[in-house]
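To start, the structure itself, in structure tokens.
2 protein chains.
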Amino acid sequence: MLGLNNEIQSLYDSILTKYKEAIILQTASSILHWDMETKMPPRGIELRSQQLSVLELAGHKVITNPQNGRLLDSIEKHPNKYFLSNQQVRNLYLFKKVYDENTKLPDSLVSETAKQQTISINTWKKAKAAKDYNIFKEDLKKIIELKLEAAEILMDVKGTKTPYDALLDSYESKMSAEKINRIFNIMKKGLIEVINKINDSEKKINTEILEIKVPVNDQKKISQILMDYLGYDILSGVAGGRLDETEHPFTTGYYDDVRITTHYYEDKFTSSFYSVLHEGGHALYNQNIPKEYMYQPLGEASSYGIHESQSRMIENLIGRSPEFVSYILPNLKKIIGKPFKGIKLRDFYEAVNVVSPSKIRVEADEVTYGLHIIIRFEIEQMIFNGEASIEELPQIWNQKYFDYLGVQIENDSEGIMQDTHWASGLFGYFPSYALGNIYDGMFYKKMKRDIPKFKKVIKSGNFIPIKQWLKNNIHSKGNLYDPEDLIKLVTGENLTVKPYLEYLERKFSKIYNF
Amino acid sequence: MLGLNNEIQSLYDSILTKYKEAIILQTASSILHWDMETKMPPRGIELRSQQLSVLELAGHKVITNPQNGRLLDSIEKHPNKYFLSNQQVRNLYLFKKVYDENTKLPDSLVSETAKQQTISINTWKKAKAAKDYNIFKEDLKKIIELKLEAAEILMDVKGTKTPYDALLDSYESKMSAEKINRIFNIMKKGLIEVINKINDSEKKINTEILEIKVPVNDQKKISQILMDYLGYDILSGVAGGRLDETEHPFTTGYYDDVRITTHYYEDKFTSSFYSVLHEGGHALYNQNIPKEYMYQPLGEASSYGIHESQSRMIENLIGRSPEFVSYILPNLKKIIGKPFKGIKLRDFYEAVNVVSPSKIRVEADEVTYGLHIIIRFEIEQMIFNGEASIEELPQIWNQKYFDYLGVQIENDSEGIMQDTHWASGLFGYFPSYALGNIYDGMFYKKMKRDIPKFKKVIKSGNFIPIKQWLKNNIHSKGNLYDPEDLIKLVTGENLTVKPYLEYLERKFSKIYNF
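If you read the protein sequences in the order shown, they are chains A and B.
Position 153 of the first sequence, counted from 1, bears residue number 153 in the numbering used here, the numbering being contiguous throughout.
Position 322 of the second sequence, counted from 1, bears residue number 1322 in the numbering used here, the numbering being contiguous throughout.
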């Protein structure tokens, strides 16, 4: 028996060794990506794209090595496979998933898609600058066709009902359009109700505070205070992170090297303020996955949606709470000085929580954000179910924006072409953003119950109990569970949008007096 | 015939495709190295070393693929191989050299050496801090034994006379200890003569100027002026470079992404001043290799020594010339202001050219530097010829420093353990530094003849004719020629130390009045 156990252990170790090589190549790519966005001299772009594609190909080869298939088979057929621990079984399951997906897609399709992505992004940029959808539509069509071809293959591998479900599964494991529709429909109704109440309210919020000029140097000091609050370390001799500046803020990194970026606008200091909190939330997740899972499939996040729940938890549910605002305002006054003198807590709190339906997703407030996502999700389904032609997309987009948000789209650059996702072939990605909010509603409800004197803790500037809760309940689980299972485990409840809608209703009724 | 020509072209292309993949992996590693030295959060070191080792292994696999051997054989035996151009033949020769070296060394030896390097560097750091050679000597012995084992294998591959020659060949192709001894012996005599004349001279140079406090911000402005002078672009929207700060200055990069670093000391501004010129010289070489050689073996420098000649040309022969100093001093006065008021050109020129035998190589002046290298070269030969035991090395080192430089080594940290090279297994590397000086003597003599009004050009701050000369004569040749052939081509002369000694004699006789 010992011999057989050694044998299965050794098969398992061989699989993990392959995974380790692949994930290390991936983390090397992440650094090259980060460098490209933050430090690379502009002329370096051609060499950089070559480096990234060589590394991707190298990783692909490591994963699709036929030996991996034989190893997985041997384990599957091994009489002693039941001696593997749950964690080992999960690692093998996750590895097999990646192996299957990578081996089933023909190399020609993968490389054609990569090429078309570069072309489509390029055309999208030009079309967006020219506000002319006609420039973009043919390349959008091509990338959709390629993604559909891949989705049809992946549908079989993953056993999903539709090709679109196979795409969704890449970002949110085991999530289907059917499930998402069920909760998004409830959310849509709920959000529109809140928006209507806000529209009907007499309350008008003064947002001039948000336009106060705050010099970049002061904003940098504010970033430092926020990172100190989160315990995200960029300064010490054992720092595990960095903060840099990029056009669009992002987080990248693995375990002990997790980097965030922000963008400073002198006349919109809350942009960087909330970016640092948002990216800080992502960073804490990456940094707090248990060290023992490093280089294993378990050493990653549960899903894109769960990741987004961690950033939005810090940005919105904590960062836009009256308690946090009350804690941070005196700090801001100290740093900003005169321009912030006399600013009242209530006014500042209201300003950072103003609700105002808009055309641009990335500028949306906490309440209307979900509708931006629902519109994209509905259109993605129409595309992949063949219910909408490329020609019709702008019209459908504009109509939905008018119906759900009451805004009039003036041109396709602020409409169908506003995001880069589709040009990049990232279909099925958008729902994760709103799922993050929904997960947050559930986590928040549980967290408030678990942490004694929750509001007082936030108000006092003590983030440790919250950080610990997030670590214990979410970060420390790595990729042990698919998102729905993780939520059930943490909250005891099945996926529901109710807590999130209740949170919004409770919060905004107090702000807008409804 | 056309068919056969197509065939050999296609064999050639297959080889180049492999090389391209390998060099791209290498450039990716360079970025990761750069990031490690400049930006990486300290905790990232463990992951980083994994990334670097995975990339190195991936590159090794690409080069040692047995298919490469078969391709090279097919070309060698092909009836139409004579239709290949000289450049194609050189590319194949260089590729074969790398292939042979990589395939002949057993994987076990390569990985054992890599491990021992890490260990030896670590032990060296500890021993240096403790000023105790006993801590280091066993690990030094082990790395020497491993390098000797490799050298004995490479000796056969490369057809060199001795194992040590095989090591030298890795940095300076076709250079042998015999050749180097011949010119180093002449150089040693010449340098000691100059030093003796300086020692006998009445002239005392005041170096207080070098200790004037220059704030880092002013030093940054000085760096910018120097980079503008060289045309090394770090600012524009099409910049191909960067300047960052590290403990030890270095240059890294390929073609359109070439990065230099410096270190600012407030009370020693010439340290950064000459580092920027030195690294700038390296950077210009990397940036000016013809684009058509990119991703080919030809797209690299001729040798370490030729590379060093480019950095020292800018740092010393140009940067420490009376003409350049005369051009730059008014700029320094403008930036530094009051502390530099009244500084006389002659005094500044003398201060940056002071000669003073010292114990530390990296602090050595233009005249004594060569002796530091000769000492190391002589000891390396003794080690690899079995003429010196590990135990004796400190004593031998100290004796040579006393004999050649007249300095008394107080402890082994400023003696045998001052450099990291040997701990890293870099035996055969040191001679390249001094060869760079010798090459410079020859290049300088030719350049002065070729460029009309050479001194006036420098004095006017116009670097373009010099840059163009270096580009036409050296940079544009990529790795078309081994160093000795390149020198012959450029200067019409065989390798000789005479011009370098004449340059020193002429320059320092004027400074020290002998």
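Note that CB positions come from ideal geometry on N, CA and C, so glycine has one too.
These numbers come from a predicted model, not from an experiment.
Asked: When we look at the beta-carbon of B/V1216 and count the other beta-carbons within 10 Å, is it buried (16 or more) or exposed?; Found: exposed
Asked: Note the first and the last residue of the continuous beta strand (DSSP E) segment covering B/L1235.; Found: Segment: none, B/L1235 is in no beta strand (DSSP E) and carries neither H nor E.
Asked: Can you give me the C-alpha to C-alpha distance between A/A151 and A/L435, rounded to a whole angstrom?; Found: 21 Å
Asked: Give the DSSP bridge partners of B/E1245, in chain order.; Found: B/T1262
Asked: Give the residues of chain A in contact with B/A1058, contact being defined as C-beta atoms less than 7 Å apart.; Found: A58
Asked: Of all Cβ atoms in chain A, is any one closer than 7 Å to the Cβ of B/I1260?; Found: no
Asked: Assuming A/A351 and A/I451 form a contact by the criterion Cβ under 8 Å, report the distance between their Cβ atoms to the nearest whole angstrom.; Found: Actually they do not touch by this definition, with Cβ atoms about 27 Å apart.
Asked: When DSSP labels each residue in this structure, what does A/D257 get in the three-state scheme?; Found: strand
Asked: Start and end of the alpha helix (DSSP H) containing B/Q1296?; Found: No alpha helix (DSSP H) holds B/Q1296; DSSP gives it neither H nor E.
Asked: Note down the Cα distance separating A/M1 from A/L11, rounded to an integer number of angstroms.; Found: The predicted position of A/M1 is uncertain, since its pLDDT is 49 and thus under 50; a value taken from the coordinates is nonetheless stated next. Rounded to whole angstroms, A/M1 to A/L11 spans 15 Å at the Cα level.
Asked: Taking the continuous alpha helix (DSSP H) assigned at B/D1073, which residues delimit it?; Found: 1066-1077
Asked: Closest by CA to A/L72, which one among A/Q51, A/S30, A/K18?; Found: A/K18
Asked: Would B/Q1051 pass as an interface residue toward chain A - the criterion being a Cβ-Cβ separation below 7 Å?; Found: yes
Asked: How many Å lie between B/A1028 and B/K1456 at the Cα?; Found: 42 Å
Asked: Quick check on A/N494: buried or exposed, where buried means 16 or more other Cβ atoms within 10 Å of its Cβ?; Found: exposed
Asked: Tell me the DSSP secondary structure of B/T1252 in three-state form.; Found: strand
Asked: Around the C-beta of B/D1440, are 16 or more other C-beta atoms found within 10 angstroms, so that it is buried, or is it exposed?; Found: buried
Asked: Using a Cβ-Cβ cutoff of less than 6 Å, which residues in the same chain neighbour A/K158 once the five nearest sequence positions on both sides are dropped?; Found: A166, D169
Asked: On the three-state DSSP scale, how would you describe A/H278?; Found: helix
Asked: Report yes or no: do the stretch 417-436 of chain A and the stretch 305-317 of chain A share at least 3 C-beta pairs separated by less than 8 Å?; Found: yes
Asked: Cβ of A/S275 within 7 Å of Cβ of A/P297?; Found: no
Asked: Could you tell me whether the stretch 326-341 of chain A touches the stretch 176-195 of chain A, using the rule of 3 or more Cβ pairs below 8 Å?; Found: no
Asked: Across the stretch 234-241 of chain A and the stretch 370-387 of chain A, are there enough close Cβ pairs to call them in contact, namely three or more that are closer than 8 Å?; Found: no
Asked: Expressed to the nearest angstrom, what Euclidean distance is found between the alpha-carbon atoms of A/I195 and A/H282?; Found: 28 Å
Asked: Report the rounded CA-to-CA distance for B/K1128 versus B/I1416, giving the unit in angstroms.; Found: 10 Å
Asked: How is B/F1136 classed by DSSP in three states: helix, strand or coil?; Found: helix
Asked: Rounded to the nearest angstrom, what separates A/N199 and A/K104 at their Cα positions?; Found: 51 Å
Asked: Could you check the C-alpha separation between A/K220 and B/R1346 for me, to the nearest Å?; Found: 45 Å
Asked: For a quick check, are the C-beta atoms of A/I458 and A/E323 less than 7 Å apart?; Found: yes
Asked: By a C-beta neighbour count over all protein chains shown, 10 Å radius and 16 as the cutoff for buried, is A/Q287 buried or exposed?; Found: buried
Asked: Which word fits B/N1102, buried or exposed, when buried means at least 16 other C-beta atoms lie within 10 angstroms of its C-beta?; Found: buried
Asked: So the alpha helix (DSSP H) A/N91 belongs to, where does it begin and stop?; Found: 86-104
Asked: Could you check how far apart the C-beta atoms of A/L113 and A/G425 are, in whole angstroms? I think they sit under 8 Å.; Found: The sequence given here has Thr at residue 113 of chain A, not Leu. Confirmed, about 6 Å.
Asked: Could you give the distance in angstroms between the alpha-carbon of B/Q1399 and the alpha-carbon of B/A1423?; Found: 21 Å
Asked: Are three or more beta carbon pairs between the stretch 1086-1099 of chain B and the stretch 1469-1482 of chain B nearer than 8 Å?; Found: yes
Asked: Am I right that B/H1475 and B/L1332 are in contact with their C-beta atoms under 8 Å? What's the rounded C-beta distance?; Found: That pair is no contact at about 29 Å.
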